[in-house]
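For reference, the structure discussed in these notes is given below.
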Amino acid sequence: MTVHEHKKNLMIVRNVDSDMISEAYFILKSDIYEKESEEKISEEAERILREYDERLGKSKKLFPPALLSLLIGTGIFAILICLALLCVQFSM
């Protein structure tokens, strides 16, 4: 990860070590350079990107929403068919 440029309160980070992100833009507080060093700001940006990448990695292991919807719909349909068959059987 390289911090490419700093402009007044904008930090552009390029060459991010991620499968999803190639560039990141951070809008900084206006008085941040008076309080913190550039190195500390860069470390914070790295931390944010690392946590975001980890969160994306965890969410990839879950079922995709379309598959989950299909499974729930199929389950509801199966329950309704069973109830209809029970009603027909008890009415005879």
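In my numbering, the protein residues as written are 41 to 132.
Each residue gets a CB set at the ideal place from its N, CA and C atoms; glycine is no exception.
Your pair residue 72 and residue 81 checks out as a contact, with CB atoms roughly 7 Å apart and the cut at 8 Å.
Annotated as distal: residue 67 and residue 55, with beta-carbon spacing of 8 Å or more. Counting only the Cα atoms, residue 79 lies some 12 Å from residue 51. Annotation: the continuous alpha helix (DSSP H) that includes residue 112 extends over 105 to 131. DSSP places residue 76 outside any beta strand (DSSP E), giving it a letter other than H or E.
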